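J.: A single structure is presented below for examination.
There are 4 protein chains.
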Amino acid sequence: MLENLSRAYSTTRRFSEFLCEPLEIEDYVIQSMPDASPTRWHLAHTTWFFETFVLASSETNYRPINPHFQSLFNSYYNSVGEQFPRSRRGLLTRPTVAEVYEYRHEVDRRLLHCLEGLSGDEAERIGHVLELGIHHEQQHQELILTDLKYLYSCNPLWPVYRPSPPEDRRPRANPKQAAWSAHRSGIVEIGHRGEAFCYDNEQPRHNALLHAFEIQDRLVTVGEFMEFMRDGGYRRPDLWLSLGWSTKNEQGWSAPLYWVENDGLWSQFTLHGLRELNPHEPVCHVSYFEADAFARWSGSRLPTEQEWEHVAVSAQREPQPHPKETAHFHPRPLIDDGDRIAQLFGEVWQWTSSPYTPYPGYRAAMGALGEYNGKFMCNQYVLRGSSRATPSGHARPTYRNFFPPDARWQFSGFRLTRDVSAVS
Amino acid sequence: MLENLSRAYSTTRRFSEFLCEPLEIEDYVIQSMPDASPTRWHLAHTTWFFETFVLASSETNYRPINPHFQSLFNSYYNSVGEQFPRSRRGLLTRPTVAEVYEYRHEVDRRLLHCLEGLSGDEAERIGHVLELGIHHEQQHQELILTDLKYLYSCNPLWPVYRPSPPEDRRPRANPKQAAWSAHRSGIVEIGHRGEAFCYDNEQPRHNALLHAFEIQDRLVTVGEFMEFMRDGGYRRPDLWLSLGWSTKNEQGWSAPLYWVENDGLWSQFTLHGLRELNPHEPVCHVSYFEADAFARWSGSRLPTEQEWEHVAVSAQREPQPHPKETAHFHPRPLIDDGDRIAQLFGEVWQWTSSPYTPYPGYRAAMGALGEYNGKFMCNQYVLRGSSRATPSGHARPTYRNFFPPDARWQFSGFRLTRDVSAVS
Amino acid sequence: MLENLSRAYSTTRRFSEFLCEPLEIEDYVIQSMPDASPTRWHLAHTTWFFETFVLASSETNYRPINPHFQSLFNSYYNSVGEQFPRSRRGLLTRPTVAEVYEYRHEVDRRLLHCLEGLSGDEAERIGHVLELGIHHEQQHQELILTDLKYLYSCNPLWPVYRPSPPEDRRPRANPKQAAWSAHRSGIVEIGHRGEAFCYDNEQPRHNALLHAFEIQDRLVTVGEFMEFMRDGGYRRPDLWLSLGWSTKNEQGWSAPLYWVENDGLWSQFTLHGLRELNPHEPVCHVSYFEADAFARWSGSRLPTEQEWEHVAVSAQREPQPHPKETAHFHPRPLIDDGDRIAQLFGEVWQWTSSPYTPYPGYRAAMGALGEYNGKFMCNQYVLRGSSRATPSGHARPTYRNFFPPDARWQFSGFRLTRDVSAVS
Amino acid sequence: MLENLSRAYSTTRRFSEFLCEPLEIEDYVIQSMPDASPTRWHLAHTTWFFETFVLASSETNYRPINPHFQSLFNSYYNSVGEQFPRSRRGLLTRPTVAEVYEYRHEVDRRLLHCLEGLSGDEAERIGHVLELGIHHEQQHQELILTDLKYLYSCNPLWPVYRPSPPEDRRPRANPKQAAWSAHRSGIVEIGHRGEAFCYDNEQPRHNALLHAFEIQDRLVTVGEFMEFMRDGGYRRPDLWLSLGWSTKNEQGWSAPLYWVENDGLWSQFTLHGLRELNPHEPVCHVSYFEADAFARWSGSRLPTEQEWEHVAVSAQREPQPHPKETAHFHPRPLIDDGDRIAQLFGEVWQWTSSPYTPYPGYRAAMGALGEYNGKFMCNQYVLRGSSRATPSGHARPTYRNFFPPDARWQFSGFRLTRDVSAVS
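Residue numbers (this note's numbering), protein chains in the order written: chain A, 7 to 430; chain B, 7 to 430; chain C, 7 to 430; chain D, 7 to 430.
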């Protein structure tokens, strides 16, 4: 097992650096808002994770690489010690980007060397933490992209992260018409099963009772969202949750994040630059509030996370790897290929109507790693699926992503559901 | 039906005024924080509700009593029109308290007169709204008490709302030891049944799947909460939700609201004045965050709202009327009278672990009254039961009260639950 | 001397209560913004001043009337002890208004009794503090009016403090054309002279060097200010101080405070109710920033406080008593009566271009009363003259009033000055 | 004249780049607080100044180098157009540092080329603006240093800008004892005279009346300031202006900025790293509030700006050039060399008690350059002299620097003054 993990470790670590290839040094250091972190911080924090939770407990005669890093790059692990304040991550010019890469490479070297010597129980224990660290770094790979996108969007020069990949310019005919797929009521099993990796919040596997529902076989599109806007969607309080309405007003929202109007013409900022809106693309960068308002406007609702998981599992859908070469970080219009249920993975995360709560019988992991998930189960909503920015191998049908209902800088969209009784 | 309702209307209206008997004019006008409203505003707003939703649609040749009142006393009904900003309710010195009472009495007079002439469908339609208005006013009766308590607590003179009732000074022997009562897993029915009044959020009645659990037969007490405090409960981040921990730090919480320390001695401010802590009382005025942290510290958890409702329904418990004469507005220590499950109603509202969400198949009412409940289903938690401040006739086993997790000025406490698997 | 002071004391104390005659209890308790205080607080604080600085040091066997009042009604005297936070003055419902009047009357009774027994040095020492207390209460009399005006203006019902006095409805012909009056450069004496009362900030009397200037013989009018507005005065950054421009934008100013536009028609809220703008009235309720911008627009400037004082002293002008019966609290249009220099006193306070700084050789008084003036000499501007709200006997040519440059709720206007070199 | 100016231009431009030699790319981009700007922004903004005010009006067929730069690098010139918000200067990762240097060099090339062709009136007009631009860039050279210092100070790694120069480690014997030097009252001339460059705020030259005073012949030292601290200087409200006291409490000040306490031992962060406090150094990085409180504590006061200027002019003191090679950016202890008045220039800027106001007869320049000074004359205080960070050739006796009274990140100290009457 450790051998495979060593390989996965190296692959994952390299992919983080691949994502940074197009960056200027300037792009690494700025914190564009409290929720986002500088790229350099992501690179250092994921390394800190391996140093703190793997190296420190498995290396003989371990000594901290830099004692300051223990707090500088600790995100929120109170059990590990003090944390440099999150809102001040963008005030650090040192360690420099070069020094952060050195830090990464030293940890890589020492950690791989250290793994070679392990065996038995020790190997198993360390293997579990190592695996968690790999998935942790993958989460930050997505954050590197979403945080960079937000950062670039603050600049009137609209920097381009990478040019559009060729496939992105291919014409796409026959967009799929939305259809409803029906599911009966009954008890289903929810949560992770088997030996493969999952986070603690996907467990324990347990029974859940579903009520009959219908779900759309594709994501809501840009074109549909524009209809909502034309129908006064952002001006009708009856469509919104009360907190959504006040948030919208305070933040001045009148379209999804990154949409830019110029003389009545809409375009959107993407990691591949500013471009025209494509009505057949899934709508992206909407908050839970906007998704919920759209659903109410359309006479339907968002699915619960249990409904979503049941649909994905019944369809036997698994996320596909993104070919790294494409480096295509924007959701794509859907061609109708007759698929019964499409776009579950790999385009945009999908808001569900489920507040992020512990599963029945949930136990957080022991020790510091118990802070990974459980303590955030309040005032957040679950998103399911995965996005164009999610690294290959990271998504799965039981995966529970979560963000506060006003978050818009993630690649977040939605799909519609309705009660069956509402149909007849 | 209208005859009974007329009687209930008059009783309810009089009870609001009974609650205000001890007040000075000064007590009516101040808004002590954004979440609280001046008493005068409560008196006027509940009247506005009857004027707007009953009188305006049932009185012949109806004309507004004062056109300004339409926005001044509209709380959050966007469908009805503009609202005077909530945070500025305390800037109004006019209409005076006397004028608000005149307004109340004029609406009472006209409304009762108007009801006499109704019959048939019209009577039924109006009857439903009238009933809602009565329950609405009862909710504000509780808010009058909680908002006054907060207001008085800002004053170093510690004003007394009413002197302690005699029963409050009676000695109480044999406090009840907590015991766990077990419930099997299975499908249960949740939600309101029958013809009696309920809010739309208690419907539709539906099946829910419970997992085996045990619940304590009484509320957590002041004495138990002090143990938590002595054990560093407010200083240990591992016990808290992340948002709870930051809220606690920002707000500087180190004890429940209204607890006052003086030279190591704790007392608490009540509507009957400042008094010593009684360890056998239910702990009160804690946030969801504190209830949740206590539960984690004790190795248990809070019940879901479905668990709570199932327990109350199985025990065939119904809330008892408060004799108005007692006017006792502080939770009481529990004597062990052998009851299998105690303190479900009438002491403190009980935090559940359930975010406030729509029931499966939930439909908000049509029109403006649809704004009553549904639009608040976000970032709030359900509380069950009722408190010393809840008026007689207002509580029921299916009732869903809700507040944000940081709210402490309500009479809020909690009871513990645990998974059965955790026991063996 | 004490006999006269006793009389002045009683007169002043009665005048505060005269000002409150039209008030409802509700009007006494609300704090409408951090800079304003509830009327009840003014009544209590001025009484606290006499209790603390006179009674406590002159009464045999003095004991505090209510120990809580020492901090509740201490404004900013750190030497005296803790202060109840200024921003929370509006959270107190007790002591009630009636109790505050009782407090006033008890202090009056005891203080007058106590004065009778004094003589010699003791009488002189106490006499000085008593005199200061009288002028202190007069300052709060003006604040009672300005704070009430602000409070009423928050209410869409536009409460009327007192009906307009008859003189206010008299037609007024021949408004005065503005003319410039010239003053040569030279050394002049500035500051208070003689035995009569003054504040410490008016001393020591000292030489100041004036440069030749011209000053307008009347105040800037509403009509002139509207020209400025029509000429884009609120939209041209070149006319404003940088801090003024950002303040204006943040606060959303587009006219003087209390001006209300309705369908292109301007009216203004006054203590006598809402009324049409009168173009011949002095403009009032403008900030320093607006006065300064108007002056720049008109090619002139505001006078320094030394220029203003020199003009007033040379003209041998003294403020006139307001007949209490008129109770006319709004600045009046000026009839041309041939006066060489008009409206120095009794209409509006006049912004000068002088930051509020200590005079050369200034010494604050010893002890707590040294906190009266000196510690506020930062980021404020001096206003000279007096207003319709200034009580009789309070104004004098050397009086230095002061407010931050963004303050608008005082009766503040201005008059224009220019350099002589700018004329030729 | 243009030839000399061309030389001065090139020298100044090179010096900005010399200051940046020790920087990593990371150091250029971060905005550490709203008052500070990224180094890159300073480099670009000073270039924008030359492009906008010189190149655009003197180059034939001028076209903007990058139209976006017009708003991106406009600081506060409303007459020129929109400004990218000051508080968001740190969100820009592009143009990169390299591109900013290219921008600088292109403007340099074109501007120098353009100057060669000028003569006559045009040369004179452009010459004046060019000279202003040079002095403007010098101001930003000081800001580059102060903003960098603040930025580095946010980092627990305490980055070193440059190592200490050798002279900084030389032992220094015989610190100077403070002595008072007396000045008689009388009329003096204040303001710039002659043809050499000055800002508009130093004019017109005019008469001012001074009252007799005494001034200390050296700056207040670290050692003296520690006495103030030991005597409770930061805990005694009687020593502070009211606004200073509340600012101190809100900001949590208990020592000058950059002082760091560790186990009772004080050190300070400098551009040459963290080092022990030297009691003989001038105290630095104090606000006006702290300087004023110290002066009150010591029974003296701060000088007015007229007093300061008169002292400097009478002593015939002129600032000395800093040898660039030393690159010593921290104030130095004073050796007693018998000088009658020392440390007027080149160590720390000196707070005066003078609010920043226009001189009698002041006229702002015409057009956009009129926004350079005048519009900031509100709620700021004048500082005189110059600091270790002021570039050679920038200081002069009539120079008026200005900052708000709470500013601490400049190299600001003070010297004491007292009234003569206070002495005898």
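In this text, a Cβ means the ideal position worked out from N, Cα and C, and glycines have one as well. Model, not experiment: these values are computed from the prediction.
In or out: A/W415 buried (at least 16 other Cβ within 10 Å) or exposed?
T.: Position 409 of the first sequence, counting from 1, holds the residue named residue 415 of chain A. When all chains shown are included, A/W415 counts as buried.
J.: Please confirm whether A/V226 and A/R421 have their CB atoms less than 8 Å apart.
T.: Within the first sequence, residue 226 of chain A is the residue found at index 220, counting from 1. Within the first sequence, residue 421 of chain A is the residue found at index 415, counting from 1. Cβ distance < 8 Å, so A/V226 and A/R421 count as in contact.
J.: In terms of alpha-carbon separation, which member of C/S320, C/I196, C/I221 and C/Q89 lies closest to C/G305?
T.: The residue labelled residue 305 of chain C in the question sits at position 299 within the third sequence. Residue C/I221 is the option with its Cα nearest to C/G305.
J.: Would you mind listing the beta strand (DSSP E) stretches within the stretch 111 to 193 of chain A that are 3+ residues and don't spill past its ends, in chain order?
T.: 186 to 189, all fully within the stretch 111 to 193 of chain A.
J.: Could you check the C-alpha separation between C/H142 and C/T52 for me, to the nearest Å?
T.: Locating residue 142 of chain C in the third sequence gives position 136, where the first residue counts as 1. Locating residue 52 of chain C in the third sequence gives position 46, where the first residue counts as 1. For C/H142 and C/T52, the distance between alpha carbons rounds to 7 Å.
J.: Could you check the C-alpha separation between C/H189 and D/S38 for me, to the nearest Å?
T.: In the third sequence, residue 189 of chain C corresponds to position 183, counting from 1. In the fourth sequence, residue 38 of chain D corresponds to position 32, counting from 1. Straight-line Cα distance between these residues: approximately 51 Å.
J.: Which residue wins for smallest C-alpha separation from A/S252, given the options A/M232, A/E353, A/E296 and A/E88?
T.: As a first step, residue 252 of chain A is located in the first sequence; it is residue number 246 there, counting from the start. Among A/M232, A/E353, A/E296 and A/E88, the Cα nearest to that of A/S252 is on A/E296.
J.: What residues from the stretch 199 to 214 of chain D come within 8 Å of chain C, judged by C-beta to C-beta, listed N to C?
T.: So the close ones are H212, N213 and A214.
J.: According to the neighbour-count rule (16 or more other Cβ atoms, all chains shown, within 10 Å of its Cβ), is D/K182 buried or exposed?
T.: One-based indexing of the fourth sequence puts residue 182 of chain D at position 176. That one is buried.
J.: Can you give me the Cβ contacts of B/C204 inside the same chain, cut-off strictly under 6 Å, excluding the 5 residues immediately before and after it?
T.: Residue mapping note: residue 204 of chain B aligns to position 198 of the second sequence, counting from 1. Within the same chain, B/C204 has close Cβ partners H198.
J.: Who pairs with B/I196 in a beta bridge, going by DSSP?
T.: Looking up residue 196 of chain B in the second sequence gives position 190. DSSP lists B/H212 as partners of B/I196.
J.: Between B/L151, B/S427, B/L98 and B/F56, which lies nearest to B/H134 when the distance is taken from Cα to Cα?
T.: Counting from one through the second sequence, the residue named residue 134 of chain B turns up at place 128. It is B/F56.
J.: Is it the case that the Cβ atoms of D/T99 and A/L157 are separated by a distance below 8 Å?
T.: Your numbering for residue 99 of chain D matches position 93 in the fourth sequence. Your numbering for residue 157 of chain A matches position 151 in the first sequence. Yes, they are a contact pair.
J.: Out of B/P28, B/S22, B/V266 and B/R424, point me to the one whose CA is closest to B/W47's CA.
T.: Working through the second sequence from its first residue, we reach residue 47 of chain B at position 41. For the residues B/P28, B/S22, B/V266 and B/R424, the minimum Cα distance to B/W47 belongs to B/S22.
J.: Counting only beta-carbon atoms, is C/L249 nearer than 8 Å to chain B?
T.: For the purposes of this step, residue 249 of chain C is taken as residue 243 along the third sequence, with counting starting at 1. Answer no: the Cβ-Cβ gap between C/L249 and chain B never drops below 8 Å.
J.: At the 8 Å Cβ level, is C/K254 part of the contact set with chain D, yes or no?
T.: Position 248 of the third sequence, counted from the first residue, corresponds to residue 254 of chain C. Cβ-Cβ to chain D under 8 Å: no for C/K254.
J.: Does DSSP put C/W303 in a helix, a strand or coil?
T.: Within the third sequence, numbered from 1, the residue matching residue 303 of chain C stands at position 297. Reduced to three states, the DSSP call for C/W303 is helix.
J.: Given a limit of 7 Å on CB to CB distance, which residues of the stretch 182 to 193 of chain D reach chain C?
T.: Answer set for the stretch 182 to 193 of chain D: I193.
J.: Are C/V103 and B/E32 closer than 8 Å when you measure CB to CB?
T.: Counting from one through the third sequence, the residue named residue 103 of chain C turns up at place 97. Counting from one through the second sequence, the residue named residue 32 of chain B turns up at place 26. Their beta carbons are under 8 Å apart, which means C/V103 touches B/E32 by this criterion.
J.: Quick one: is B/Q274 buried, meaning 16 or more other Cβ sit within 10 Å of its Cβ, or exposed?
T.: The count along the second sequence starts at 1 and reaches residue 274 of chain B at position 268. B/Q274 comes out buried.
J.: Thinking C-alpha only, which one of B/L25, B/L389, B/S81 and B/L136 is nearest B/W357?
T.: The residue you call residue 357 of chain B lines up with position 351 of the second sequence. Of the listed residues, the one whose Cα sits closest to B/W357 is B/L389.
J.: For B/R302, which residues from the same chain have a beta carbon less than 6 Å from its beta carbon, with the 5 sequence-adjacent residues on both sides left out?
T.: The count along the second sequence starts at 1 and reaches residue 302 of chain B at position 296. These residues qualify, in order along the chain: L245.
J.: For C/H111, count neighbouring Cβ atoms within 10 angstroms of its own Cβ and tell me buried if that reaches 16, exposed if not.
T.: Position 105 of the third sequence holds residue 111 of chain C. Exposed, since its Cβ has fewer than 16 Cβ neighbours within 10 Å.
J.: Would B/I150 pass as a contact of B/L25 if the rule is Cβ separation under 8 Å?
T.: Start at 1 with the first residue of the second sequence, and residue 150 of chain B comes out as number 144. Start at 1 with the first residue of the second sequence, and residue 25 of chain B comes out as number 19. In this structure, B/L25 lies closer than 8 Å to B/I150 by Cβ.
J.: Output yes if chain C places a C-beta closer than 8 Å to the C-beta of B/I71; else output no.
T.: On the second sequence, position 65 is the one that residue 71 of chain B refers to. Judged by the 8 Å Cβ criterion, B/I71 is not in contact with chain C.
J.: Leaving out five residues on either side along the sequence, give the residues of the same chain with a beta carbon under 6 Å from the beta carbon of A/N207.
T.: Position 201 of the first sequence, counting from 1, holds the residue named residue 207 of chain A. Same-chain partners within the cutoff: N379 and R406.
J.: Go through its chain and collect everything with a Cβ distance to B/G192's Cβ below 7 Å, but skip five positions before and after it.
T.: Locating residue 192 of chain B in the second sequence gives position 186, where the first residue counts as 1. L216.
J.: Please report the residue range of the alpha helix (DSSP H) in which C/L25 lies.
T.: As a first step, residue 25 of chain C is located in the third sequence; it is residue number 19 there, counting from the start. Element bounds for C/L25: L8 to C26.
J.: Just mark C/L254 as buried or exposed, buried being the case when its beta carbon has 16 or more other beta carbons within 10 Å.
T.: In the third sequence, the residue the question calls residue 254 of chain C occupies position 248. Going by the sequence as given, residue 254 of chain C is Lys instead of Leu. With 16 or more Cβ atoms within 10 Å of its Cβ, C/K254 is classed as buried.
J.: Here's a check: name, in chain order, each residue in its chain whose Cβ is nearer than 7 Å to the Cβ of A/R131, leaving out the five neighbours to either side.
T.: The residue labelled residue 131 of chain A in the question sits at position 125 within the first sequence. So no residue of the chain qualifies.
J.: Locate the alpha helix (DSSP H) running through B/D33, then write down its first and last residues.
T.: Residue mapping note: residue 33 of chain B aligns to position 27 of the second sequence, counting from 1. Residues I31 to V35.
J.: So what's B/T276 in DSSP terms, helix, strand or just coil?
T.: As a working mapping, residue 276 of chain B is identified with position 270 in the second sequence. The answer is strand: DSSP assigns B/T276 an E or B state.
J.: Starting from A/N255, trace the beta strand (DSSP E) in both directions and tell me its first and last residue.
T.: For the purposes of this step, residue 255 of chain A is taken as the residue at position 249 of the first sequence. No beta strand (DSSP E) contains A/N255, which is instead part of the alpha helix (DSSP H) from S248 to Q257.
J.: Which residues mark the beginning and the end of the alpha helix (DSSP H) in which D/S77 is found?
T.: Numbered from 1 along the fourth sequence, position 71 holds the residue referred to as residue 77 of chain D. First-last of the alpha helix (DSSP H) with D/S77: F75 to L78.
J.: The beta strand (DSSP E) with B/Q356 in it runs from where to where?
T.: Here the question's residue 356 of chain B lines up with position 350 in the second sequence. Looking at the DSSP string, the run of the beta strand (DSSP E) that includes B/Q356 is W355 to P361.
J.: Can you find a heavy atom of the ligand FAD that lies under 7 Å from the Cβ of D/V135?
T.: With respect to small molecules bound, the structure shown includes none, and the ligand FAD cannot be examined in it.
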